[in-house]
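The structure appears below as structure tokens.
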Amino acid sequence: MTDLKEFYSEHVRVLETEVGKLRKRARVFMVSEIVTFCLAVLAVVVYIVKYPHVTVAFAAAAMFLIYLVVRKCDIRNDRRMEFLVKRRLVYDRELSCYMNGDFSVFDSGERYTDSCHPYTFDMDVFGRDSLFNRIDRTVTTGGRDALAHSLQTLPTDLEEIERKREAIDEISRNEKWRTEFIVCGMKLPKDTSSAVEKIDTESIVKAVHSVAEVRLPRFFMSKVSLCLAALVLAGFFTTLILSSLTIVPVSIAFNYGILQFFVILCITARPLNKVMKVTGKLFSELKGCVGLIRHIHSVEFDCDELVSMRNSLFNEKADAMKAFDELSDILESLDRRGNVLGLLVFNVLFLNDFFLVRRFLLWKKVYMEHLEHWLDTVSRMDVYVSMSVLRFNHPEATNAEISGDDEVIFRASGLYHPFLGRKAVSNDFNIADGNYYIVTGANMAGKSTFLRAIGVNYILAMNGMPVFAESLHVSMFNLFSSMRTTDDLSNGISYFNAELLRLRRLIDNCRQARRSLIILDEILKGTNSLDKLNGSRLFLEKISALPISGVIATHDLELSKMEQKYPERFHNYCFEIQLAEKINYTYKITPGVARNQNATYLLNRMLADV
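Per the working numbering, residue 272 is the first one in the sequence shown, and the count goes up by one each step.
Below, the structure written as structure tokens:
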């Protein structure tokens, strides 16, 4: 952690110094621009009013040329300064926000909260200070959605997990490229303490669909139209040459050119209006995304996943960079049409509008079907960059060992909850297939945190991210939890009814899976003690017939007697506390049943003076 703080602190200091130098240089450029422009204007005035000599004209031209050069250097300097300011902000946020445990500047993922999801609600996957909040560094809304989806949906393909892990590990080692990827997608916020606005992938997709829906006459793409265009141009240049040789009157070439201009204008005006409406919007929406694609193009990857993603963007069949460059050229051509003289000359000499429509149709035919795939690839890369930040920021974390066995395997050594950091107490714990673990303990003894440590680390492992344990060996299984049931009075659902509905979902979910691990915190809290005990026993006895393993936390010590009845399936573990002048919470899980409870003890001390 100290090394990481020094790393970020040093980068912030270096970048602050570089930005300071660039700001000083910007002031020099600004003064130089003013001076050279004024000298150029002064030289022109002197030439016109007082001294029309070639040296004065040369001086005016030289000053104007120097102004243009300085102006170009100033623009380049401003871009460099903006880039470094963004990069410094990235490091500063990791230093002052991440290292201090304040993630408020990052997206909380609140929009993805779903109390009905099999595990995300109980495991604090979304919301303030959640797992998503700690991981998310995405710069696109598509990346943000893809990151949320990956945390909501656990993969069932071992090869997919391994490919993701290799990608995350490789990007985490390339810190400079990863940070610059984030910088390329950033928009500087007015307030550095607020979240950075992301590139709106949904808006880009809408713009893509708008372009796809544009219908233009097929005539422009036909060989017949190309032949006709060639003949028209050949006719014009023939009359032009003949008129220059005085073989035919000049008026014929002139009238031919004017007629040609108006005919082209008439047949292309409507198609070009449609093209202008959709391409301008598409290009403006794509600008930020193009920067990310250029940055992906700047590096060669080693692992299969990243190589495959890069190749899908840049290949002979459809090159994303080439597509965007061609689209840029089309837009520049459309902009030039605003010049009336240029419009006339280029259409008379080159049938510009005809070939512009044709170029758009060819671009659409070659690249249109690839655009959404390219956006998906950028979103996936955005996710890997975010996940790799977690990998880089936690060198103490390790990669899980994942097997393809068709059974529930969870063997952890030194497991702890990632949200607790260095202060966490680690535990060793093994879950065997088809076995159930009844965990007892006093309030605040660590039961719920331990259950979440199991769930959160499993989610991380299944996404190829590092886990917070000395070692973790798991198989791929379905995960379902019930720890934070809430009532819904607006729909007439009481707390007890909500618990029953949650257990019903658990059964339905587990029936559809090969193997499941269930994590429960206090079954049937919404009823009396005896009813709760009998119902909990009945529930566990029935579901033990399904391919399910479970970890169940409870305050009801009677439930621990299931170990005596089913010793081969049920096992007791506890978080014991030590009662003295001050309660000692060890947060260590051990075999057995907890005997010390703290509620009565704490109330006695509270009521001592009453």
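From the three backbone atoms N, C-alpha and C, an ideal C-beta is built for every residue, glycine too.
The three-state reading of DSSP puts Thr825 in strand, counting E and B together. DSSP places Gln531 within a helical segment (H, G or I) once states are collapsed to three. Distances from the alpha-carbon of Gly413 to those of His644, Arg436, Val628, Val482 put His644 closest. The straight-line gap separating the alpha-carbon atoms of Leu543 and Gly613 is approximately 16 Å. DSSP places Gln783 in no beta strand (DSSP E); its state is neither H nor E. Per DSSP, the unbroken alpha helix (DSSP H) holding Tyr729 starts and ends at 718–733. Inclusion of Ile709 and Leu830 in the CB contact set at 8 Å is warranted, their separation being smaller than that value. Secondary structure of Gly712 (DSSP, three-state): strand.
Rounded to whole angstroms, the separation of the alpha carbons of Gly726 and Glu484 is 45 Å. Proximity to Leu577 across His388, Phe377, Arg436 peaks at Arg436, based on C-alpha coordinates. The C-beta separation of Asp704 from Glu678 comes to about 4 Å, placing the pair in contact by the 8 Å criterion. Leu661 is bridged by DSSP to nothing; it lacks a bridge partner. Between Val454 and Val361, the CB-CB gap stays under 8 Å. By the neighbour-count definition (other C-beta atoms within 10 Å, threshold 16), Pro389 is a buried residue. When only Cα atoms are considered, Ser280 and Leu366 end up about 7 Å apart.
Linking Arg284 to Arg358 through their CA atoms gives a straight-line distance of about 12 Å. Take Gln849, set aside five residues on each side of it, and the residues of its chain with a beta-carbon closer than 6 Å to its own are Asn855, in chain order.
Using a Cβ distance threshold of 8 Å, Phe681 and Val745 count as a contacting pair. Looking at the DSSP output, Tyr837 sits in no beta bridge, so it has no partner there.
According to the DSSP assignment, Lys859 belongs to no alpha helix (DSSP H) but to the beta strand (DSSP E) extending over 855–862.
By the Cβ-count criterion, Lys803 is buried, with 16 or more other Cβ atoms from all chains shown falling within 10 Å of its own Cβ.
Out of Lys276, Met747, Leu339, Glu277, the CA that lies nearest to the CA of Phe300 is found in Leu339. Under a 10 Å Cβ-count criterion, Pro838 is classified as exposed, with fewer than 16 other Cβ atoms of the shown protein chains found around its own Cβ. Scanning the stretch 458–503 from its first residue to its last, no whole beta strand (DSSP E) run of 3-plus residues comes out.
Residue range 429–444 is occupied by the alpha helix (DSSP H) that includes Glu433, with no beta strand (DSSP E) assigned at that position. Partner residues in the beta bridge of Asp792, as assigned by DSSP, are Ala824. Rounded to the nearest angstrom, the Cβ distance from Leu425 to Val654 is 15 Å, too far for a contact under 8 Å. Looking at Arg607, Leu817, Leu774, Ala824, the one whose alpha-carbon comes closest to that of Cys387 is Leu774. Take Lys545, set aside five residues on each side of it, and the residues of its chain with a beta-carbon closer than 6 Å to its own are Val485, in chain order.
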